[in-house]
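*Asks:* One structure follows; several queries about it will come next.
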Amino acid sequence: MYILCPVCKNKLYLNERSYKCINRHSFDIAKEGYLNLNLKNSKNTGDNPDMIKARKRFLEKGYYSFMKDEVNKLLNENDSLVDLACGEGYYTKDFICKDKIGIDLSKSGLKIASKADKSTLYLLNSIFHDPIEDKSADKIITIFAPIADKEIVRILKDDGRFILVRPDRKHLFELKAAIYENPYLNEANGIVIDGLVLEKQIPIEKKMVVKKKDIQDLFMMTPYVNTTSPADKEKLKDIDDLKISFAFLIDVFKKPN
1 MYILCPVCKN KLYLNERSYK CINRHSFDIA KEGYLNLNLK NSKNTGDNPD
51 MIKARKRFLE KGYYSFMKDE VNKLLNENDS LVDLACGEGY YTKDFICKDK
101 IGIDLSKSGL KIASKADKST LYLLNSIFHD PIEDKSADKI ITIFAPIADK
151 EIVRILKDDG RFILVRPDRK HLFELKAAIY ENPYLNEANG IVIDGLVLEK
201 QIPIEKKMVV KKKDIQDLFM MTPYVNTTSP ADKEKLKDID DLKISFAFLI
251 DVFKKPN
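Heads up: the sequence shown begins at 1 in this note's numbering, then just goes up one per residue.
Right, here's the structure in full:
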(Lines of atoms letter the chains of each structure in order from A; the text may use other names.)
(Lines give C-alpha, C1' and ligand atoms only; values in the text may rest on other atoms or scores of the structure.)
Protein backbone atom coordinates (compact mmCIF):
# COMPACT_ATOMS: atom_id res chain seq x y z
CA MET A 1 0.00 0.00 0.00
CA TYR A 2 1.17 3.51 -0.78
CA ILE A 3 0.10 6.60 1.12
CA LEU A 4 -0.61 9.74 -0.86
CA CYS A 5 0.43 13.34 -0.40
CA PRO A 6 -2.58 15.27 0.93
CA VAL A 7 -1.55 18.28 -1.16
CA CYS A 8 -0.94 16.87 -4.65
CA LYS A 9 -2.10 13.21 -4.31
CA ASN A 10 1.22 11.78 -5.53
CA LYS A 11 2.82 8.88 -3.68
CA LEU A 12 4.75 9.60 -0.50
CA TYR A 13 8.11 7.94 0.11
CA LEU A 14 9.95 7.54 3.40
CA ASN A 15 13.17 9.57 3.58
CA GLU A 16 14.78 9.21 7.01
CA ARG A 17 12.27 10.82 9.42
CA SER A 18 9.99 12.33 6.80
CA TYR A 19 7.64 11.29 4.02
CA LYS A 20 8.07 13.22 0.77
CA CYS A 21 6.50 13.27 -2.69
CA ILE A 22 7.99 14.14 -6.08
CA ASN A 23 6.73 17.71 -5.66
CA ARG A 24 8.81 18.06 -2.48
CA HIS A 25 5.90 18.28 -0.10
CA SER A 26 7.28 16.93 3.16
CA PHE A 27 5.66 15.52 6.31
CA ASP A 28 7.68 14.73 9.41
CA ILE A 29 7.14 11.71 11.59
CA ALA A 30 6.22 12.71 15.14
CA LYS A 31 8.60 11.66 17.90
CA GLU A 32 6.05 9.06 19.02
CA GLY A 33 6.06 7.52 15.54
CA TYR A 34 2.79 8.57 13.87
CA LEU A 35 2.56 10.64 10.68
CA ASN A 36 0.37 13.76 10.60
CA LEU A 37 -1.28 14.15 7.19
CA ASN A 38 -4.27 16.16 8.43
CA LEU A 39 -4.24 19.54 6.65
CA LYS A 40 -7.69 20.61 7.80
CA ASN A 41 -8.21 22.47 11.06
CA SER A 42 -11.27 20.43 11.91
CA LYS A 43 -13.10 20.87 15.19
CA ASN A 44 -13.40 17.10 15.29
CA THR A 45 -10.16 15.85 16.86
CA GLY A 46 -11.32 12.34 17.65
CA ASP A 47 -11.89 10.89 21.09
CA ASN A 48 -10.76 13.01 24.02
CA PRO A 49 -7.80 11.94 26.21
CA ASP A 50 -9.97 10.86 29.16
CA MET A 51 -12.05 8.55 26.97
CA ILE A 52 -8.92 7.11 25.39
CA LYS A 53 -7.27 6.43 28.75
CA ALA A 54 -10.43 4.78 30.08
CA ARG A 55 -10.75 2.61 26.97
CA LYS A 56 -7.10 1.61 27.15
CA ARG A 57 -7.39 0.58 30.81
CA PHE A 58 -10.56 -1.41 30.16
CA LEU A 59 -9.46 -3.17 26.99
CA GLU A 60 -6.14 -4.18 28.48
CA LYS A 61 -8.06 -6.19 31.08
CA GLY A 62 -9.03 -8.54 28.23
CA TYR A 63 -12.81 -8.19 28.30
CA TYR A 64 -13.01 -7.73 24.52
CA SER A 65 -10.18 -10.07 23.56
CA PHE A 66 -12.60 -12.78 22.40
CA MET A 67 -13.95 -10.37 19.79
CA LYS A 68 -10.46 -9.41 18.63
CA ASP A 69 -9.61 -13.11 18.27
CA GLU A 70 -12.72 -13.65 16.13
CA VAL A 71 -11.75 -10.80 13.82
CA ASN A 72 -8.23 -12.19 13.49
CA LYS A 73 -9.71 -15.42 12.12
CA LEU A 74 -10.86 -13.40 9.10
CA LEU A 75 -7.37 -12.09 8.34
CA ASN A 76 -4.30 -13.48 6.63
CA GLU A 77 -0.69 -12.61 7.41
CA ASN A 78 -0.14 -11.64 3.77
CA ASP A 79 -3.06 -9.18 3.73
CA SER A 80 -2.64 -5.44 3.40
CA LEU A 81 -4.94 -3.94 6.02
CA VAL A 82 -6.31 -0.52 6.93
CA ASP A 83 -7.88 0.04 10.35
CA LEU A 84 -10.20 3.05 10.11
CA ALA A 85 -10.69 4.85 13.45
CA CYS A 86 -7.96 2.79 15.10
CA GLY A 87 -7.84 4.87 18.29
CA GLU A 88 -4.99 3.86 20.57
CA GLY A 89 -4.31 0.75 18.49
CA TYR A 90 -5.49 -1.92 20.94
CA TYR A 91 -6.91 -4.06 18.14
CA THR A 92 -4.57 -2.93 15.35
CA LYS A 93 -1.34 -4.02 17.02
CA ASP A 94 -2.54 -7.62 17.32
CA PHE A 95 -3.96 -8.04 13.83
CA ILE A 96 -1.81 -10.67 12.13
CA CYS A 97 -1.34 -8.79 8.83
CA LYS A 98 2.21 -7.61 8.12
CA ASP A 99 1.27 -4.54 6.05
CA LYS A 100 -0.94 -2.39 8.30
CA ILE A 101 -2.07 1.22 8.38
CA GLY A 102 -4.12 2.73 11.21
CA ILE A 103 -5.97 6.02 10.75
CA ASP A 104 -7.51 8.25 13.40
CA LEU A 105 -8.02 11.95 14.19
CA SER A 106 -7.01 11.68 17.84
CA LYS A 107 -3.41 12.66 18.55
CA SER A 108 -3.79 11.30 22.07
CA GLY A 109 -4.79 7.91 20.71
CA LEU A 110 -2.09 7.78 18.04
CA LYS A 111 0.64 8.72 20.50
CA ILE A 112 -0.22 5.61 22.51
CA ALA A 113 -0.63 3.44 19.42
CA SER A 114 2.60 4.40 17.68
CA LYS A 115 4.71 4.12 20.83
CA ALA A 116 3.49 0.59 21.53
CA ASP A 117 3.25 -0.77 18.00
CA LYS A 118 6.04 -0.47 15.44
CA SER A 119 4.41 -2.98 13.09
CA THR A 120 1.80 -0.46 11.91
CA LEU A 121 2.03 2.91 10.17
CA TYR A 122 -0.30 5.25 12.08
CA LEU A 123 -1.70 8.29 10.28
CA LEU A 124 -3.36 11.33 11.81
CA ASN A 125 -6.15 11.99 9.34
CA SER A 126 -9.89 11.83 8.79
CA ILE A 127 -11.20 8.40 7.83
CA PHE A 128 -13.45 10.16 5.31
CA HIS A 129 -10.47 11.52 3.36
CA ASP A 130 -7.96 8.68 3.48
CA PRO A 131 -4.48 9.37 2.06
CA ILE A 132 -4.26 5.89 0.54
CA GLU A 133 -4.09 4.88 -3.11
CA ASP A 134 -7.05 3.32 -4.91
CA LYS A 135 -7.58 -0.44 -4.79
CA SER A 136 -4.61 -1.13 -2.53
CA ALA A 137 -6.03 -2.84 0.58
CA ASP A 138 -7.02 -6.48 0.92
CA LYS A 139 -8.93 -5.82 4.15
CA ILE A 140 -10.39 -2.76 5.84
CA ILE A 141 -11.65 -2.86 9.41
CA THR A 142 -13.90 -0.51 11.36
CA ILE A 143 -14.71 -1.27 14.99
CA PHE A 144 -17.35 0.82 16.78
CA ALA A 145 -16.95 3.80 14.46
CA PRO A 146 -18.78 5.52 11.58
CA ILE A 147 -18.63 3.84 8.18
CA ALA A 148 -16.60 5.79 5.61
CA ASP A 149 -18.35 3.92 2.83
CA LYS A 150 -17.10 5.82 -0.23
CA GLU A 151 -13.49 5.67 0.93
CA ILE A 152 -13.77 2.00 1.82
CA VAL A 153 -15.02 1.11 -1.66
CA ARG A 154 -12.30 3.24 -3.25
CA ILE A 155 -9.40 1.77 -1.25
CA LEU A 156 -10.42 -1.89 -1.31
CA LYS A 157 -8.98 -4.15 -3.98
CA ASP A 158 -11.43 -6.02 -6.15
CA ASP A 159 -12.43 -9.12 -4.16
CA GLY A 160 -11.27 -7.37 -0.96
CA ARG A 161 -13.17 -7.50 2.33
CA PHE A 162 -14.55 -4.82 4.65
CA ILE A 163 -15.00 -6.03 8.24
CA LEU A 164 -17.39 -4.04 10.41
CA VAL A 165 -17.77 -4.67 14.15
CA ARG A 166 -20.79 -3.13 15.87
CA PRO A 167 -22.94 -3.73 18.97
CA ASP A 168 -25.58 -6.43 18.86
CA ARG A 169 -28.94 -5.97 20.56
CA LYS A 170 -27.97 -7.16 24.04
CA HIS A 171 -24.59 -5.45 24.22
CA LEU A 172 -24.12 -3.91 27.69
CA PHE A 173 -27.80 -4.39 28.55
CA GLU A 174 -27.13 -5.18 32.22
CA LEU A 175 -25.07 -2.00 32.61
CA LYS A 176 -27.91 0.05 31.14
CA ALA A 177 -30.40 -1.72 33.42
CA ALA A 178 -28.33 -0.69 36.44
CA ILE A 179 -28.31 2.96 35.38
CA TYR A 180 -31.49 3.75 33.49
CA GLU A 181 -35.12 3.47 34.56
CA ASN A 182 -36.09 2.13 31.12
CA PRO A 183 -33.14 0.19 29.65
CA TYR A 184 -33.37 -0.60 25.96
CA LEU A 185 -31.94 -3.04 23.48
CA ASN A 186 -29.62 -1.73 20.78
CA GLU A 187 -30.73 -1.46 17.19
CA ALA A 188 -29.05 -4.07 15.03
CA ASN A 189 -30.55 -3.50 11.62
CA GLY A 190 -28.85 -4.70 8.46
CA ILE A 191 -26.24 -2.44 6.89
CA VAL A 192 -26.25 -1.70 3.15
CA ILE A 193 -23.12 -0.27 1.48
CA ASP A 194 -23.25 0.68 -2.19
CA GLY A 195 -20.49 -1.13 -4.06
CA LEU A 196 -20.14 -3.93 -1.51
CA VAL A 197 -22.03 -7.18 -0.91
CA LEU A 198 -22.68 -8.64 2.54
CA GLU A 199 -20.88 -11.97 2.50
CA LYS A 200 -21.63 -13.13 6.04
CA GLN A 201 -22.58 -11.93 9.48
CA ILE A 202 -21.04 -13.40 12.63
CA PRO A 203 -22.85 -12.75 15.93
CA ILE A 204 -20.75 -13.41 19.03
CA GLU A 205 -21.69 -12.96 22.68
CA LYS A 206 -20.10 -13.58 26.02
CA LYS A 207 -21.18 -12.72 29.56
CA MET A 208 -18.45 -11.71 31.96
CA VAL A 209 -18.23 -10.31 35.44
CA VAL A 210 -16.88 -6.79 35.24
CA LYS A 211 -15.08 -5.65 38.36
CA LYS A 212 -16.40 -2.58 40.14
CA LYS A 213 -13.19 -0.66 39.42
CA ASP A 214 -13.58 -1.34 35.68
CA ILE A 215 -17.25 -0.33 35.33
CA GLN A 216 -16.52 3.41 35.26
CA ASP A 217 -13.94 2.88 32.50
CA LEU A 218 -16.42 0.79 30.51
CA PHE A 219 -19.03 3.52 30.79
CA MET A 220 -16.50 6.20 29.81
CA MET A 221 -15.70 4.45 26.52
CA THR A 222 -19.35 4.27 25.40
CA PRO A 223 -21.50 6.92 23.68
CA TYR A 224 -23.67 6.94 26.82
CA VAL A 225 -21.15 9.13 28.61
CA ASN A 226 -22.34 12.08 26.50
CA THR A 227 -26.08 11.45 26.78
CA THR A 228 -26.61 10.28 30.37
CA SER A 229 -27.94 12.66 33.01
CA PRO A 230 -25.75 13.56 36.02
CA ALA A 231 -28.22 11.78 38.32
CA ASP A 232 -27.96 8.53 36.36
CA LYS A 233 -24.17 8.82 36.20
CA GLU A 234 -24.12 8.95 40.00
CA LYS A 235 -25.65 5.46 40.06
CA LEU A 236 -22.37 4.08 38.72
CA LYS A 237 -20.78 4.65 42.12
CA ASP A 238 -23.22 2.19 43.74
CA ILE A 239 -22.68 -0.65 41.27
CA ASP A 240 -20.58 -3.54 42.52
CA ASP A 241 -19.13 -6.28 40.33
CA LEU A 242 -21.68 -6.85 37.57
CA LYS A 243 -22.20 -9.66 35.06
CA ILE A 244 -22.55 -7.96 31.68
CA SER A 245 -23.36 -9.18 28.17
CA PHE A 246 -20.78 -8.33 25.53
CA ALA A 247 -22.57 -8.92 22.23
CA PHE A 248 -21.12 -8.02 18.84
CA LEU A 249 -22.07 -8.32 15.19
CA ILE A 250 -19.20 -8.85 12.77
CA ASP A 251 -20.32 -8.01 9.23
CA VAL A 252 -18.06 -9.12 6.39
CA PHE A 253 -18.61 -7.30 3.09
CA LYS A 254 -17.01 -8.27 -0.22
CA LYS A 255 -16.08 -5.94 -3.06
CA PRO A 256 -17.07 -7.75 -6.27
CA ASN A 257 -14.59 -8.06 -9.14
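Every residue, glycine too, gets a C-beta built ideally from N, C-alpha and C.
With DSSP run on the structure shown, which of helix, strand or coil describes I244?
*Replies:* Indexing the sequence shown from 1 puts residue 244 at position 244. I244: strand per DSSP, three-state reduction.
*Asks:* Please name the residue or residues paired with R161 in a DSSP beta bridge.
*Replies:* Counting from one through the sequence shown, the residue named residue 161 turns up at place 161. K139, K254.
*Asks:* Strictly by DSSP, which residues pair up with T120?
*Replies:* For the purposes of this step, residue 120 is identified with residue 120 of the sequence shown, where counting begins at 1. Its beta-bridge partners are K100.
*Asks:* Do the region 28-39 and the region 202-209 touch if we need at least three Cβ pairs shorter than 8 Å?
*Replies:* Segments in contact, no.
*Asks:* For P203, which residues does DSSP report across the bridge?
*Replies:* Along the sequence shown, read from residue 1 onward, the residue named residue 203 stands at position 203. Paired residue(s): L249.
*Asks:* Are S119 and K139 close, meaning C-beta to C-beta below 9 Å?
*Replies:* Stepping through the sequence shown from its first residue, residue 119 is reached at position 119. Stepping through the sequence shown from its first residue, residue 139 is reached at position 139. Contact: no.
*Asks:* Mapping the DSSP letters down to three states, classify Y224 as helix, strand or coil.
*Replies:* Walking along the sequence shown from the start, residue 224 turns up at place 224. Residue state, collapsed to three classes: helix.
*Asks:* Measuring CB to CB, does I96 end up less than 9 Å from D130?
*Replies:* On the sequence shown, position 96 is the one that residue 96 refers to. On the sequence shown, position 130 is the one that residue 130 refers to. No, the Cβ-Cβ distance between I96 and D130 is not below 9 Å.
*Asks:* Looking only at its own chain, which residues have a Cβ that is under 6 Å from the Cβ of S108, when we skip the five neighbours before and after it?
*Replies:* Your numbering for residue 108 matches position 108 in the sequence shown. Counting only Cβ-Cβ distances below 6 Å, and skipping sequence neighbours, we find P49, I52.
*Asks:* So for R17, helix, strand or coil by DSSP?
*Replies:* Within the sequence shown, residue 17 is the residue found at index 17, counting from 1. Here R17 sits in coil by DSSP.
*Asks:* Count the other C-beta atoms from every protein chain shown that fall within 10 angstroms of the C-beta of L249, then say buried if there are 16 or more, exposed otherwise.
*Replies:* Here residue 249 refers to the residue found at position 249 of the sequence shown. Counting Cβ neighbours within 10 Å, L249 comes out buried, since at least 16 surround it.
*Asks:* Excluding the 5 residues preceding and the 5 following S80 in the sequence, name in chain order all residues of the same chain whose CB lies nearer than 6 Å to its CB.
*Replies:* The residue given as residue 80 occupies position 80 in the sequence shown. Closer than 6 Å at Cβ, skipping near neighbours: M1, D99, A137, D138.
*Asks:* Figure out for me which residue from I141, S65, K111, E151 has the closest Cα to the Cα of S126.
*Replies:* What you label residue 126 is simply residue 126 of the sequence shown in a count that begins at 1. The residue with the shortest Cα to Cα distance from S126 is E151.
*Asks:* Going by the CB atoms, is the gap between L121 and N38 shorter than 9 Å?
*Replies:* Residue numbering aside, residue 38 sits at position 38 when the sequence shown is read from its first letter. Residue numbering aside, residue 121 sits at position 121 when the sequence shown is read from its first letter. Result no, Cβ atoms of N38 and L121 do not sit closer than 9 Å.
*Asks:* From I239 to A178, what does the alpha carbon distance come to, in whole angstroms?
*Replies:* By 1-based counting over the sequence shown, the position of residue 239 is 239. By 1-based counting over the sequence shown, the position of residue 178 is 178. Spanning the two alpha carbons is a distance of roughly 7 Å.
*Asks:* If you count every other CB in all the chains shown that lies within 10 Å of the CB of R17, and 16 or more means buried, which is it?
*Replies:* Here residue 17 refers to the residue found at position 17 of the sequence shown. The residue in question, R17, is exposed, as its Cβ has fewer than 16 Cβ neighbours within 10 Å.
*Asks:* S65 lies in the alpha helix (DSSP H); which residues open and close that run?
*Replies:* As a position in the sequence shown, residue 65 is number 65, starting the count at 1. Start and end: 65-72.
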